[in-house]
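**Student:** Sharing a structure here in structure tokens format.
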Amino acid sequence: MIGKLSGRLEYKALDHVLIDVRGVGYLVYLSDRTLASLPPVGEAVALYTDMVVREDLMQLFGFTSLVEKEWHRLLTSVQGVGAKVSLAILGTLGPDGVSRAIALGDWASVKAAKGVGPKTAQRIVLDLKDKAPSVMAMGGTITEAMDGPDLEVIEDVDAKPKRKAVKPKAPTGAAAASAGALSALGNLGYGPSEAAAAVAEAASDNPDADEPGLIRAALKLLAPKG
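Each residue of the sequence shown is one higher than the one before, counting from 123 in my numbering.
Structure representation (structure tokens):
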């Protein structure tokens, strides 16, 4: 099973790319959002991958983070949701948006993806709502979970292309802030589902909030009313 690829981006198509890994080309299918985030053709690229093997088909699907890959795995576990629909949802919402929508039970946001009807969207939210806390928590452990350093392709006109290790970047931004806030609320005794819903709502109201800001906002949402 191929779980990660690092190499040179050879070309981009409408829904897939070709990555050259030491002379072997891999076709990898991506969401629109992930495709748009990749570097220009000819540069080094690293993607987490999920491999689908059937009697008449073998395909690789690529993701820029473990959170995105995990949501793809979970989405395709829902009845009636294939890889194409999963990539459409991730392309429309992004992994953080999927986390928020499912944690909040917001099936209307899931339905906004191409090819997703209301019944399918409701089934996705119902089946995966309990999974949202654990996926959101992955935002803080991406670096530790990586199975090895990324590789950068270095050109040398007088020799063969060389590769050197590139230190993975620590998680930053909304995913890391949400993961940290979720952990803090768990330490305070809140259940995973209620903590995830509060953090998701707080992040939705203020996408630029840092971890302390998300904790404060989530605690206000969790405070007893009346």
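Quick reminder that beta carbons are idealized off the backbone N, C-alpha and C, glycines included.
1. What did DSSP end up calling Asp327 once you bin it into helix, strand or coil?
2. For Glu190 and Pro346, I'd like the C-alpha separation in whole angstroms.
3. Roughly how many angstroms separate the alpha carbons of Leu136 and Leu212, rounded to a whole number?
4. As a quick exercise: from Val257, Thr242 and Val143, pick the residue whose alpha carbon is nearest that of Ala298.
5. Any contact of the stretch 302-318 with the stretch 328-346, i.e. 3+ C-beta pairs under 8 Å?
6. Quick one: measure Cβ to Cβ for Tyr133 and Leu140, integer angstroms, because I've assumed they're closer than 8 Å.
7. Less than 8 Å between the C-beta atoms of Ala319 and Leu248, yes or no?
8. Using 10 angstroms around the beta-carbon of Met349, count the other beta-carbons present and answer buried if the total reaches 16, otherwise exposed.
9. Would you give the residue range spanned by the alpha helix (DSSP H) that Met260 belongs to?
10. When you compare each of Leu344, Gly311 and Met173 to Val321 by their alpha carbons, which one comes out closest?
11. Applying the 10 Å Cβ sphere with the 16-neighbour rule, what's the burial state of Pro293?
12. Is the CB of Leu127 under 8 Å away from at least one CB in chain B?
13. Take Thr214 as the anchor and find which of Asp154, Gly147 and Val146 has the nearest alpha-carbon.
14. If you reduce the DSSP assignment to three classes, tell me which class Gly184 lands in.
**Tutor:** Well, looking at it:
1. As a first step, residue 327 must be located in the sequence shown, where it is residue number 205. It is helical.
2. Reading the sequence shown from its first residue, position 68 is the one you call residue 190. Reading the sequence shown from its first residue, position 224 is the one you call residue 346. Going by the C-alpha atoms only, they are around 34 Å apart.
3. Position 14 of the sequence shown, counted from the start, is the residue given in the question as residue 136. Position 90 of the sequence shown, counted from the start, is the residue given in the question as residue 212. Computed Cα separation, rounded: 16 Å.
4. Position 176 of the sequence shown holds residue 298. Measuring from the Cα of Ala298, the nearest candidate turns out to be Val257.
5. yes
6. Along the sequence shown, one-based indexing puts residue 133 at 11. Along the sequence shown, one-based indexing puts residue 140 at 18. Indeed they touch by this definition, with Cβ atoms about 5 Å apart.
7. Walking along the sequence shown from the start, residue 319 turns up at place 197. Walking along the sequence shown from the start, residue 248 turns up at place 126. Cβ distance not < 8 Å, so Ala319 and Leu248 don't count as in contact.
8. Limits of the chain in this structure are 123 at one end and 348 at the other, which puts residue 349 out of reach.
9. In the sequence shown, the residue the question calls residue 260 occupies position 138. Counting along the chain, Met260 falls outside any alpha helix (DSSP H), and DSSP gives it neither H nor E.
10. By 1-based counting over the sequence shown, the position of residue 321 is 199. Val321 has its Cα closest to that of Leu344, out of Leu344, Gly311 and Met173.
11. Your numbering for residue 293 matches position 171 in the sequence shown. With a pLDDT of 46 at Pro293, under the threshold of 50, the modelled position of this residue cannot be trusted, and the question is left open.
12. Reference to chain B is not applicable here, since this structure consists of a single protein chain.
13. Translated into positions along the sequence shown, residue 214 becomes position 92. Answer by Cα proximity: Asp154.
14. In the sequence shown, the residue the question calls residue 184 occupies position 62. Note: Gly184 maps to strand in three-state DSSP.
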